[in-house]
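**Student:** Here the sequence shown stands for residues 516 to 998, where the numbers follow our numbering. The C-beta atom is built at its ideal place from N, Cα and C for all residues, glycine as well. From a predicted model like this one, the values you see are computed outputs, not experimental measurements. Just passing along the structure, written as structure tokens.
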Amino acid sequence: MNDSAAVSFGPYTFHRHQRLVSKAGWPVPLGGRALDILAVLLEAPGQFISKATLIERVWPNSVVEDNNLRVHIVALRRALDGQRVILNHPQRGYCFAAPVQGTLPTVPAQHNLVARLSPVLGRDELVAVLVRRIAGQRLLTLTGVAGIGKSTLALALAERVVPRYRDGVWWVDVTSLQTPGELLGHLVTVLQLDPADSLDELARQLASRQLLLVLDGADLLLGACRTLVRILGERAPQVSVLISSREALLAPGEWVVRVPRLSVPSPSALASVEQALAWPAVQLFVTRVRASQQGFMLRPQELAPLREICRRLDGIPLALELAAAQVDALGIGGVQQQLCMGLHGLSRGRRTAVERHRSLTAALDWSYARLSLPECWLFLQLGLFKMAVTLPTLSEMVSGTELEHADLAYLLARLVNMSLLGVEPGLGPTRYRLLNCVRSYALAQLRDPLQVARLQQGYGECLGAFSGRPFVLQLVEQAAYAQ
Numbered sequence: 516m517n518d519s520a521a522v523s524f525g526p527y528t529f530h531r532h533q534r535l536v537s538k539a540g541w542p543v544p545l546g547g548r549a550l551d552i553l554a555v556l557l558e559a560p561g562q563f564i565s566k567a568t569l570i571e572r573v574w575p576n577s578v579v580e581d582n583n584l585r586v587h588i589v590a591l592r593r594a595l596d597g598q599r600v601i602l603n604h605p606q607r608g609y610c611f612a613a614p615v616q617g618t619l620p621t622v623p624a625q626h627n628l629v630a631r632l633s634p635v636l637g638r639d640e641l642v643a644v645l646v647r648r649i650a651g652q653r654l655l656t657l658t659g660v661a662g663i664g665k666s667t668l669a670l671a672l673a674e675r676v677v678p679r680y681r682d683g684v685w686w687v688d689v690t691s692l693q694t695p696g697e698l699l700g701h702l703v704t705v706l707q708l709d710p711a712d713s714l715d716e717l718a719r720q721l722a723s724r725q726l727l728l729v730l731d732g733a734d735l736l737l738g739a740c741r742t743l744v745r746i747l748g749e750r751a752p753q754v755s756v757l758i759s760s761r762e763a764l765l766a767p768g769e770w771v772v773r774v775p776r777l778s779v780p781s782p783s784a785l786a787s788v789e790q791a792l793a794w795p796a797v798q799l800f801v802t803r804v805r806a807s808q809q810g811f812m813l814r815p816q817e818l819a820p821l822r823e824i825c826r827r828l829d830g831i832p833l834a835l836e837l838a839a840a841q842v843d844a845l846g847i848g849g850v851q852q853q854l855c856m857g858l859h860g861l862s863r864g865r866r867t868a869v870e871r872h873r874s875l876t877a878a879l880d881w882s883y884a885r886l887s888l889p890e891c892w893l894f895l896q897l898g899l900f901k902m903a904v905t906l907p908t909l910s911e912m913v914s915g916t917e918l919e920h921a922d923l924a925y926l927l928a929r930l931v932n933m934s935l936l937g938v939e940p941g942l943g944p945t946r947y948r949l950l951n952c953v954r955s956y957a958l959a960q961l962r963d964p965l966q967v968a969r970l971q972q973g974y975g976e977c978l979g980a981f982s983g984r985p986f987v988l989q990l991v992e993q994a995a996y997a998q
């Protein structure tokens, strides 16, 4: 048999393409998992391969115990006439020890992930948790406020799990698409499929493939992505989907992870530069400053204003990056003072960034533009609260306005699901609060005459005879005194 992907050891030959072990030309009965283990061991004969690596390669989408691995190792040894061709070491794992003729090349990883230009800071523990969890999860959604780092986290997670998927990991940038039809065509191109006229046809071609599909920015085509996930779930059982989105799909079987903010230093962490640099928000800020200022050194007198920057920006990575870009012109103290006046200064993003990441305002514009009128009213009303607020308190505040008879519980849930509103932890009634950045954005809408004019016109057209002007003007008046 002429097989370039075959190796021999003693009387045996392993044919990778045929997934077969033969002895003197006769097939040796072996199960699929045992063959997978043998293939991995033969990629590096004479070298120990850890149990964790073997389990990740052989059971890419399952959580299994070491016992499963041992059972198949025993089966391999028995099938190979009990020869001691496979050695084990308690700490180092397993090693194929018999002399081998020929080489079995490592199967190249298939993916279209972009090369990372900078490290992911403050996410190691979360990535480790997600790597374990995604093994048994067909639909995982990373959600959170604009700029929180959903795409960055999705890329870090995708990089870690590439070896688990036989047919690769494939990244689809939904934010570059406009219509559901474009989504279908883009998927066909990325996955190198035959032309398909429908998602059903696309799923049929994927029915036998084992891969991970990453949909970045799925909230731009939420309905189409929800339909895609449903059809893949029904017709392509080995396709898993990882989503980054400001809004969860709310699909059956979806596991939603709200990406947390980077930890901000406490006042007690300001005793030294070393202590401050242990906090992820500070690490990211300083790393970005050093990228534009070679030799930058954080000084003790800058720790207090830097902590205030991190606090005002809620530990949001995009906001911290944009603020760090101002340090060369304003210094850390100057950036802190500028943030006291609002977010307008956070507009010098990296030139390679997509448009919505060029400024924090642009990132939030993206979400604000998608609000319904009642959602917009409630969002602006919440901007007047510096502290967390409960539903009963909010109901009192909107008494006598256009929101008086609205389903506030539903509207609050919508704002939470769209990652514009946060839920504060604690006992008792649910407490809602806008992040500092988001609140500053809301107040800016109410303090901008052009925005106010647009709000008045839009509400008047929506309500007809019951004009929205009194409510809008009430919000504007209150916003003038809000800090």
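#1: Ignore the nearest five residues each way along the sequence and tell me which others in residue 740's own chain have a CB closer than 6 Å to its CB.
#2: Given that a residue counts as buried once 16 or more other Cβ atoms are within 10 Å of its Cβ, and exposed if not, what is residue 1009?
#3: With contact counted as at least three CB pairs below 8 Å, one residue from each stretch, are the segment 660 to 679 and the segment 628 to 641 in contact?
#4: Are at least three pairs of beta-carbons, each pair with one atom in the segment 624 to 634 and one in the segment 582 to 592, less than 8 Å apart?
#5: What number of angstroms, rounded off, separates the C-alpha of residue 545 from the C-alpha of residue 579?
#6: Quick check: the Cα distance between residue 693 and residue 880, rounded to an integer number of angstroms?
#7: For residue 760 versus residue 690, is the C-beta distance shorter than 8 Å?
#8: So residue 952 and residue 821 are in contact, right, with Cβ under 8 Å, and what is the actual spacing, rounded?
#9: Any contact between the segment 881 to 888 and the segment 763 to 770? By contact I mean 3 or more CB pairs, one from each, below 8 Å.
#10: Can you give the Cα-Cα distance for residue 661 and residue 878, rounded to whole angstroms?
#11: Please name the residue or residues paired with residue 521 in a DSSP beta bridge.
#12: Considering just the uninterrupted stretch of the beta strand (DSSP E) at residue 538, what are its terminal residues?
#13: Hey, quick one: how far does the beta strand (DSSP E) through residue 939 stretch, first residue to last?
#14: How would you label residue 667, buried or exposed, when you count the other beta carbons within 10 angstroms and need 16 or more for buried?
#15: Of the choices 783, 965, 843 and 687, whose alpha-carbon is the least far from that of residue 811?
#16: Quick one: complete beta strand (DSSP E) runs, 3+ long, within the segment 729 to 804?
#17: Given residue 604, which residues of its chain have a CB within under 7 Å of its CB, disregarding the five upstream and five downstream residues?
#18: Return the chain-ordered list of same chain residues with a C-beta closer than 6 Å to the C-beta of residue 705, the five sequence neighbours on each side being excluded.
#19: Leaving aside the five residues before and after residue 779 along the sequence, list all residues of the same chain whose C-beta is less than 6 Å from its C-beta, in chain order.
**Tutor:** Looking at the coordinates:
#1: To locate residue 740, count along the sequence shown from 1; it is residue 225. Excluding positions up to five away in sequence, the list reads 730 and 733.
#2: Residue coverage of the chain in this structure runs from 516 to 998, which leaves residue 1009 outside it and unanswerable.
#3: Output reads yes: the segment 628 to 641 touches the segment 660 to 679.
#4: Contact fails between the segment 624 to 634 and the segment 582 to 592, because fewer than three Cβ pairs, one in each stretch, are under 8 Å apart.
#5: As a first step, residue 545 is located in the sequence shown; it is residue number 30 there, counting from the start. As a first step, residue 579 is located in the sequence shown; it is residue number 64 there, counting from the start. Distance between the alpha carbons of residue 545 and residue 579 is about 20 Å.
#6: For this step, residue 693 is matched to residue 178 along the sequence shown. For this step, residue 880 is matched to residue 365 along the sequence shown. Each residue's CA atom was taken as its position, placing residue 693 and residue 880 some 17 Å apart.
#7: Taking the first residue of the sequence shown as position 1, residue 760 is located at position 245. Taking the first residue of the sequence shown as position 1, residue 690 is located at position 175. Not closer than 8 Å, so no.
#8: Your numbering for residue 952 matches position 437 in the sequence shown. Your numbering for residue 821 matches position 306 in the sequence shown. In this structure, residue 952 and residue 821 do not form a Cβ contact; the two beta carbons are roughly 17 Å apart against a cut-off of 8 Å.
#9: Result no; under three Cβ-Cβ pairs closer than 8 Å.
#10: In the sequence shown, counting from the first residue as 1, residue 661 sits at position 146. In the sequence shown, counting from the first residue as 1, residue 878 sits at position 363. Using only the alpha carbons, I get a separation of about 6 Å.
#11: As a working note, residue 521 is residue 6 in the sequence shown. Answer by DSSP bridge pairing, in chain order: 530.
#12: As a working note, residue 538 is residue 23 in the sequence shown. Looking at the DSSP string, the run of the beta strand (DSSP E) that includes residue 538 is 535 to 538.
#13: Mapped onto the sequence shown, residue 939 falls at position 424. For residue 939, the uninterrupted beta strand (DSSP E) run begins and ends at 937 to 939, by DSSP.
#14: Residue 667 sits at position 152 when you count from the first residue of the sequence shown. The residue in question, residue 667, is buried, as its Cβ has 16 or more Cβ neighbours within 10 Å.
#15: Stepping through the sequence shown from its first residue, residue 811 is reached at position 296. The residue with the shortest Cα to Cα distance from residue 811 is 843.
#16: As summarised for the segment 729 to 804, the continuous beta strand (DSSP E) elements at least 3 residues long and confined to that stretch are 754 to 759 and 770 to 773, given in chain order.
#17: Locating residue 604 in the sequence shown gives position 89, counting from the first residue. So the list reads 563, once near-sequence residues are dropped.
#18: The count along the sequence shown starts at 1 and reaches residue 705 at position 190. Shown here for residue 705: same chain residues with a beta carbon closer than 6 Å to its own, the five before and five after excluded, namely 685 and 687 in chain order.
#19: Start at 1 with the first residue of the sequence shown, and residue 779 comes out as number 264. The beta carbon of residue 779 sits closer than 6 Å to those of 796, 825, 826 and 830, all from its chain and outside the five residues before and after it, given in chain order.
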